[in-house]
Ligand code: URA
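In the numbering used here, the protein residues as written are -3 to 315.
Printed below as a string of structure tokens:
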């Protein structure tokens, strides 16, 4: 398998098997996507078309022809309990425009819907585990130095990066660290975390097989909601975590996570009970465990949501 760091060398010449070509095409696509995420919209001349839109390149039949037409199951040893049924993306999902950066309010997205090639989640198309772990380590160290929100940085005990498997099929996105998380450095370790653990157990999930992260990495004082400015400063880190992990599924816990990830102002009630799309991942939205602590009657809704998610993931649950 080619090393990602060697993208620019001539491995295509030494091994031109279809598998390696497909893998290289996938790596190139990932690289272009990361450039697009970083803000690049056009490539300079020496490509035949001088004004080629990057989104066109990502979606042109030429560059995607060798990519599989449907998502396939990962052969993922650490998540082997959660083997998913093969999933074919709907026309709607395939036609959805790519998500832009949180900051991009006046984004450069093309006016017409862009066709995104379906994501292939098979291991051969994903970064090797060690590279994902290494990339997460680098990012974690970068985040630990962050002082973009000077108030939060001045008050925190530490940043709370997130925890779990770098090759998780499922990522939970919470809101922000609380006092316990700030002290321990891990998400969801307080009261809301205990409830999340119960939800995970009911879903036959284990923390070490999933990944848990927050929209922002520092504790807001008095556990207030993150401000728009804090989300703008910090959400890019979560985007990069998701880019590295490439989860097949994302579960947004609460409206802050849901609205930030899906770039919407819709209410949580409207966002529940359906799968959304985020850069090829299937997204389900449910209530935040802290809300359940205040409103236990909502637990049955969360259970319905989790059953829907587990069914899609191919995990059998008893009723
Ligand atoms: N609530 C969150 O959203 N995240 C945590 O890490 C803890 C509580």
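By construction, the Cβ of each residue, glycine as well, lies at the ideal position given by its N, Cα and C atoms.
Note that this is a predicted model, so its numbers are computed, not measured.
Range of the contiguous alpha helix (DSSP H) that encloses residue i
| i | result |
| --- | --- |
| residue 189 | 187 to 198 |
| residue 318 | A question about residue 318 goes unanswered here, because the residues of the chain that appear run from -3 up to 315. |
| residue 228 | 224 to 241 |
| residue 134 | 125 to 140 |
| residue 263 | Careful: residue 263 lies outside any alpha helix (DSSP H) and carries neither H nor E. |
| residue 177 | 175 to 180 |
| residue 285 | 285 to 290 |
| residue 148 | 146 to 151 |
| residue 307 | 295 to 309 |
Residue i burial status per 10 Å Cβ neighbour count (16 or more: buried)
| i | result |
| --- | --- |
| residue 234 | buried |
| residue 175 | exposed |
| residue 150 | exposed |
| residue 251 | buried |
| residue 186 | buried |
| residue 242 | buried |
| residue 277 | buried |
| residue 102 | Summary for residue 102: the model assigns pLDDT 32, below 50, so the residue's position carries little reliability; its value from the coordinates is reported in the next sentence. Looking at its Cβ environment, which holds fewer than 16 other Cβ atoms inside 10 Å, residue 102 is exposed. |
| residue 45 | With a pLDDT of only 37 at residue 45, under the threshold of 50, the placement of this residue in the model should not be trusted, and no figure is reported. |
| residue 300 | exposed |
| residue 237 | buried |
| residue 158 | buried |
| residue 285 | buried |
| residue 72 | Unreliable positioning characterises residue 72 in this predicted model, as indicated by a pLDDT of 32, which lies under 50. The coordinate reading is nonetheless provided below. Buried, by the Cβ-count rule. |
| residue 289 | exposed |
| residue 313 | exposed |
| residue 281 | buried |
| residue 160 | buried |
| residue 255 | buried |
| residue 134 | exposed |
| residue 275 | buried |
| residue 283 | buried |
| residue 296 | exposed |
Proximity test, residue i beta-carbon vs the ligand URA heavy atom, cut-off 6 angstroms
| i | result |
| --- | --- |
| residue 207 | no |
| residue 184 | yes |
| residue 133 | no |
| residue 170 | yes |
| residue 187 | no |
| residue 177 | yes |
| residue 216 | no |
| residue 181 | no |
| residue 276 | no |
| residue 221 | no |
| residue 121 | no |
| residue 163 | no |
| residue 229 | no |
| residue 210 | yes |
Pair within 7 angstroms by beta-carbon distance, residue i and residue j
| i | j | result |
| --- | --- | --- |
| residue 203 | residue 178 | no |
| residue 155 | residue 140 | yes |
| residue 206 | residue 253 | no |
| residue 208 | residue 172 | no |
| residue 162 | residue 201 | no |
| residue 240 | residue 122 | no |
| residue 145 | residue 221 | no |
| residue 329 | residue 226 | As shown, the chain starts at -3 and ends at 315. That puts residue 329 outside it, with no answer to give. |
| residue 246 | residue 167 | yes |
| residue 248 | residue 298 | no |
| residue 306 | residue 199 | yes |
| residue 183 | residue 210 | yes |
Residue range of the beta strand (DSSP E) that includes residue i
| i | result |
| --- | --- |
| residue 272 | 272 to 274 |
| residue 167 | 166 to 170 |
| residue 201 | Taken as a continuous stretch (DSSP letters only), residue 201 belongs to no beta strand (DSSP E), as it is neither H nor E. |
| residue 281 | 277 to 282 |
| residue 206 | It is not in any beta strand (DSSP E) - residue 206 carries neither H nor E in the DSSP assignment. |
The ligand MG heavy atom lying under 6 angstroms from the CB of residue i
| i | result |
| --- | --- |
| residue 173 | Among the ligands in the structure shown, the ligand MG does not appear; only the ligand URA can be found there. |
Residue-level contact to chain C via CB, residue i, 7 angstroms cutoff
| i | result |
| --- | --- |
| residue 121 | This model lacks chain C altogether; it includes just one protein chain. |
Sufficient close CB pairs (3 or more, under 8 angstroms) joining the segment 188 to 196 to the segment 265 to 273: Look at the beta carbons and you see the segment 188 to 196 not touching the segment 265 to 273: under three pairs across the two are nearer than 8 angstroms.
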